[in-house]
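A.B. asks: One structure follows; several queries about it will come next.
Protein chains: 2
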Amino acid sequence: MAQKADKPHSDGRVARGEVTRVKVLDAAERCFAATGFDAVSIRQIAAESGVTLGVVGFHGGSKEDLFLTVLARRVDALNKLRREALQALRTTGRYTLDDLVDAYITPYLTIASRGDPQWRAYAQLVARLASDDRYYPAVRELYDPVAREFLDAMIELKPNADRHVLATVLTLTVSSMLSIVASSVRAEALSGKPGPATPLEYRNVLLAFCSGGLARAIE
Amino acid sequence: MAQKADKPHSDGRVARGEVTRVKVLDAAERCFAATGFDAVSIRQIAAESGVTLGVVGFHGGSKEDLFLTVLARRVDALNKLRREALQALRTTGRYTLDDLVDAYITPYLTIASRGDPQWRAYAQLVARLASDDRYYPAVRELYDPVAREFLDAMIELKPNADRHVLATVLTLTVSSMLSIVASSVRAEALSGKPGPATPLEYRNVLLAFCSGGLARAIE
DNA sequence: TGACTTTTTATACGTACGTACAGATAGTTT
DNA sequence: AAACTATCTGTACGTACGTATAAAAAGTCA
Numbered sequence: 001m002a003q004k005a006d007k008p009h010s011d012g013r014v015a016r017g018e019v020t021r022v023k024v025l026d027a028a029e030r031c032f033a034a035t036g037f038d039a040v041s042i043r044q045i046a047a048e049s050g051v052t053l054g055v056v057g058f059h060g061g062s063k064e065d066l067f068l069t070v071l072a073r074r075v076d077a078l079n080k081l082r083r084e085a086l087q088a089l090r091t092t093g094r095y096t097l098d099d100l101v102d103a104y105i106t107p108y109l110t111i112a113s114r115g116d117p118q119w120r121a122y123a124q125l126v127a128r129l130a131s132d133d134r135y136y137p138a139v140r141e142l143y144d145p146v147a148r149e150f151l152d153a154m155i156e157l158k159p160n161a162d163r164h165v166l167a168t169v170l171t172l173t174v175s176s177m178l179s180i181v182a183s184s185v186r187a188e189a190l191s192g193k194p195g196p197a198t199p200l201e202y203r204n205v206l207l208a209f210c211s212g213g214l215a216r217a218i219e
Numbered sequence: 001m002a003q004k005a006d007k008p009h010s011d012g013r014v015a016r017g018e019v020t021r022v023k024v025l026d027a028a029e030r031c032f033a034a035t036g037f038d039a040v041s042i043r044q045i046a047a048e049s050g051v052t053l054g055v056v057g058f059h060g061g062s063k064e065d066l067f068l069t070v071l072a073r074r075v076d077a078l079n080k081l082r083r084e085a086l087q088a089l090r091t092t093g094r095y096t097l098d099d100l101v102d103a104y105i106t107p108y109l110t111i112a113s114r115g116d117p118q119w120r121a122y123a124q125l126v127a128r129l130a131s132d133d134r135y136y137p138a139v140r141e142l143y144d145p146v147a148r149e150f151l152d153a154m155i156e157l158k159p160n161a162d163r164h165v166l167a168t169v170l171t172l173t174v175s176s177m178l179s180i181v182a183s184s185v186r187a188e189a190l191s192g193k194p195g196p197a198t199p200l201e202y203r204n205v206l207l208a209f210c211s212g213g214l215a216r217a218i219e
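Read top to bottom, the protein sequences are chains A and B.
Numbering of the first sequence is given in the UniProt record's numbering, commencing with residue 1 and proceeding in unit increments.
Numbering of the second sequence is given in the UniProt record's numbering, commencing with residue 1 and proceeding in unit increments.
Have a look at this one:
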């Protein structure tokens, strides 16, 4: 396992290894996002980090540890954004299915569209996870609780809708959302035109597609 | 490269190596579908085929050759089904956007739902391709021409729709379609209920979602 | 049957991988 | 300053990888 999680000093300084640790995790995040778990070697991550091989092991533990650490590092922030958006809807008291879809999708598009290349890399990494059932047992506890909260909120709005249909539609929504981030190349090649530069600019069409699809699927 | 493509004798018999070749390609198809290109070794494929290591190289060429051969072997059949469905619509003369979505999606669901585990494996393999831009340059010429035909047909029906929006929606449709095949695990976990056993049984909800989404996205 | 081709076996080569660890270095605490 | 801990370097081990190939076996055909 990795040696430590976070050990700041009693005053404001960061622990010596912390900056290195972040470099390693950032590099791993970029590498895993770019080509997936199997195609990346720890030596590549070391080179990308600008550290030596042993340091990656020191801070990241085994390759699988490192992978999970990279995921876990960001998931709280994403979940928090989604929960806040849901909570905001709940306090208004009046909201629609479309609003729920918006609240689920937009935080992800937002982080994917931030200038920060690390968040963009994380978004691409998440897109990889969803298309492979191999990862699901390892990541379900990270993302499913929030998804279930949204599902419950949908059922509150449409008590007569079949739960499995709603769950299916939610996964379709997620796939659509992820595919926007993972790959806008194909839409550009098919249409012959360059598209929007950031995922967030796809928000309108994505939102229309998902909420329109949801509406018809449960009618 | 692989040594040969297909060399039947003058009479009806198949060439000696052909049965072995099919065994190798089938095994490779299953392996690549299950874990992706990078995580599979040629030795695994050999074991799965029940042949020795050298035979995989003899019939499959390099690992990348083998991968592309596996894809190319099936793509004509899938494209043919889609083109026939589109042609059937065209001969009727009257069809809607929903019909076009149906004609694009259903052939894929059909092959994924056949009893044949090889077709099912191929369908899962295709689902892997779409989520990774790395593969796109290698596979675009296999799938995009047909996609472009459908896109043109959509534009004929809705001449005022923005082509890039339509292309985007088509890729979202594809992602949704693929995610049904790649993973029904999550919807089951989220809903707590077991879902349909084959992708084809998701046809109605998938069709509703995609055509409903398409309709709203271009309105 | 005997020459020929296709297919299969068995083995080897060079490289890269994940992991471990002893020792050096640097920062911290007493 | 001395003892201690955290971090980093360098290297090595065993394994598995993709690929190539010589030789054997099996099948084909004159």
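All residues carry an ideal CB built from backbone N, CA and C; glycine is no exception.
Three or more C-beta pairs closer than 8 Å, one from the segment 15-26 of chain B and one from the segment 201-209 of chain A: is that the case here?
C.D. replies: Because the criterion of three Cβ pairs below 8 Å is not met, the segment 15-26 of chain B and the segment 201-209 of chain A do not touch.
A.B. asks: From residue 33 of chain B to residue 195 of chain B, what does the alpha carbon distance come to, in whole angstroms?
C.D. replies: Within the second sequence, residue 33 of chain B is the residue found at index 33, counting from 1. Within the second sequence, residue 195 of chain B is the residue found at index 195, counting from 1. For residue 33 of chain B and residue 195 of chain B, the distance between alpha carbons rounds to 22 Å.
A.B. asks: Which runs of the alpha helix (DSSP H), 4 residues or longer, sit entirely within the UniProt domain "HTH tetR-type" (18-78) of chain A?
C.D. replies: The UniProt domain "HTH tetR-type" (18-78) of chain A contains these whole alpha helix (DSSP H) runs: 42-49 and 53-60.
A.B. asks: Residue 173 of chain A by DSSP, collapsed to three states: which one?
C.D. replies: Sequence index remark: in the first sequence, residue 173 of chain A carries index 173 (1-based). Helix.
A.B. asks: Which word fits residue 171 of chain A, buried or exposed, when buried means at least 16 other C-beta atoms lie within 10 angstroms of its C-beta?
C.D. replies: Along the first sequence, one-based indexing puts residue 171 of chain A at 171. Result: buried.
A.B. asks: Out of B/139, B/120, B/183 and B/84, point me to the one whose CA is closest to residue 167 of chain A's CA.
C.D. replies: Your numbering for residue 167 of chain A matches position 167 in the first sequence. Cα-wise, what sits closest to residue 167 of chain A is B/183.
A.B. asks: Using DSSP with H/G/I as helix, E/B as strand and the rest coil, what is residue 212 of chain A?
C.D. replies: The residue given as residue 212 of chain A occupies position 212 in the first sequence. Helix at residue 212 of chain A.
A.B. asks: Indicate whether residue 48 of chain B and residue 72 of chain B have their beta-carbon atoms separated by less than 7 Å.
C.D. replies: Your numbering for residue 48 of chain B matches position 48 in the second sequence. Your numbering for residue 72 of chain B matches position 72 in the second sequence. No. Outside cutoff.
A.B. asks: By DSSP, does residue 197 of chain A sit in helix, in strand, or in coil?
C.D. replies: Here residue 197 of chain A refers to the residue found at position 197 of the first sequence. Residue 197 of chain A: coil per DSSP, three-state reduction.
A.B. asks: Compile a chain-ordered list of the residues in the segment 192-205 of chain A whose CB is closer than 8 Å to at least one CB of chain B.
C.D. replies: So the close ones are 192, 193, 195, 202 and 205.
A.B. asks: Which bits of chain B does residue 165 of chain A rub up against, with CB to CB less than 7 Å?
C.D. replies: What you label residue 165 of chain A is simply residue 165 of the first sequence in a count that begins at 1. Ordered by position in chain B, the residues that pass the 7 Å Cβ test against residue 165 of chain A are 205.
A.B. asks: List, from N- to C-terminal side, the alpha helix (DSSP H) runs of 4 residues or more that fit wholly inside the segment 92-176 of chain A.
C.D. replies: The segment 92-176 of chain A contains these whole alpha helix (DSSP H) runs: 97-113, 117-130 and 136-157.
A.B. asks: Using a beta-carbon distance below 7 Å, is residue 190 of chain A in contact with chain B?
C.D. replies: For the purposes of this step, residue 190 of chain A is taken as the residue at position 190 of the first sequence. Closer than 7 Å: yes.
A.B. asks: Using a Cβ-Cβ distance cut-off of 7 Å, determine whether residue 169 of chain A contacts chain B.
C.D. replies: Working through the first sequence from its first residue, we reach residue 169 of chain A at position 169. Yes, residue 169 of chain A lies at the interface with chain B (some Cβ there is under 7 Å from its Cβ).
A.B. asks: Anyone know if the C-beta pair for residue 191 of chain B and residue 175 of chain A falls short of 7 Å?
C.D. replies: Position 191 of the second sequence, counting from 1, holds the residue named residue 191 of chain B. Position 175 of the first sequence, counting from 1, holds the residue named residue 175 of chain A. Result no, Cβ atoms of residue 191 of chain B and residue 175 of chain A do not sit closer than 7 Å.
A.B. asks: If we define contact as Cβ-Cβ less than 7 Å, is residue 151 of chain A a contact residue for chain B?
C.D. replies: On the first sequence, residue 151 of chain A is found 151 positions in, with the first residue counted as 1. Closer than 7 Å: yes.
A.B. asks: Whole angstroms are fine: how far does the CA of residue 82 of chain A sit from the CA of residue 69 of chain B?
C.D. replies: In the second sequence, the residue the question calls residue 69 of chain B occupies position 69. In the first sequence, the residue the question calls residue 82 of chain A occupies position 82. One C-alpha to the other measures close to 43 Å.
A.B. asks: Apply the 10 Å Cβ neighbour rule to residue 102 of chain A and answer buried if 16 or more other Cβ atoms are within range, or exposed otherwise.
C.D. replies: Translated into positions along the first sequence, residue 102 of chain A becomes position 102. Classification for residue 102 of chain A: buried.
A.B. asks: Using 8 Å for Cβ pairs, my map puts residue 143 of chain A next to residue 40 of chain A. What's the rounded Cβ distance?
C.D. replies: Numbered from 1 along the first sequence, position 143 holds the residue referred to as residue 143 of chain A. Numbered from 1 along the first sequence, position 40 holds the residue referred to as residue 40 of chain A. 22 Å between Cβ atoms; not a contact.
A.B. asks: What residues in its chain sit with their C-beta under 6 Å from that of residue 136 of chain A, if we drop five residues either side in the sequence?
C.D. replies: Here residue 136 of chain A corresponds to residue number 136 of the first sequence, with the count starting at 1. For residue 136 of chain A, where only same-chain residues beyond five positions count, there are no Cβ hits under 6 Å.
A.B. asks: Keeping to the same chain, check which residues put their C-beta closer than 8 Å to that of residue 158 of chain B; ignore five residues upstream and five downstream.
C.D. replies: One-based indexing of the second sequence puts residue 158 of chain B at position 158. Excluding residues within five positions, the ones whose Cβ falls inside 8 Å are 97, 166 and 218.
A.B. asks: Give, in chain order, every residue of the segment 80-102 of chain B whose Cβ lies closer than 7 Å to some Cβ of chain A.
C.D. replies: Hits within the stretch: zero.
A.B. asks: Do you know whose CA, among A/128, A/132 and A/163, lies nearest residue 147 of chain A's CA?
C.D. replies: Residue 147 of chain A sits at position 147 when you count from the first residue of the first sequence. Answer by Cα proximity: A/163.
A.B. asks: Residue 28 of chain B touches chain A at which residues, Cβ-Cβ below 9 Å?
C.D. replies: Numbered from 1 along the second sequence, position 28 holds the residue referred to as residue 28 of chain B. Within 9 Å Cβ-Cβ: nothing; residue 28 of chain B doesn't reach chain A, min ~16 Å.
A.B. asks: Got a sec: which bits of the segment 109-138 of chain B sit with their beta carbon under 8 Å from any beta carbon on chain A, in order along the chain?
C.D. replies: Result list: 127, 128, 130, 131, 132, 133, 134 and 136.
A.B. asks: Buried or exposed: residue 50 of chain A, going by 16 or more other Cβ atoms within 10 Å of its Cβ?
C.D. replies: Within the first sequence, residue 50 of chain A is the residue found at index 50, counting from 1. Burial call: exposed.
A.B. asks: If we ignore side chains and look at the alpha-carbon of each, how far apart do residue 2 of chain A and residue 17 of chain B end up?
C.D. replies: Sequence index remark: in the first sequence, residue 2 of chain A carries index 2 (1-based). Sequence index remark: in the second sequence, residue 17 of chain B carries index 17 (1-based). For residue 2 of chain A, the pLDDT reaches just 48, beneath the cut-off of 50, and the residue's location in the model is therefore unreliable, leaving the point undetermined.
A.B. asks: Should residue 209 of chain A be flagged as near chain B, meaning a C-beta pair shorter than 7 Å?
C.D. replies: Position 209 of the first sequence holds residue 209 of chain A. With 7 Å as the cut-off, residue 209 of chain A counts as an interface residue toward chain B.
A.B. asks: Could you tell me whether any Cβ in chain B is nearer than 7 Å to the Cβ of residue 62 of chain A?
C.D. replies: Counted from its first residue, the first sequence places residue 62 of chain A at position 62. Not closer than 7 Å to any Cβ of chain B, the Cβ of residue 62 of chain A fails to qualify, so no.
A.B. asks: Given that residue 186 of chain B touches chain A, what residues does it touch there, using C-beta distances under 7 Å?
C.D. replies: The sequence position of residue 186 of chain B within the second sequence is 186, counting from 1. Per Cβ cutoff of 7 Å: 136 and 171.
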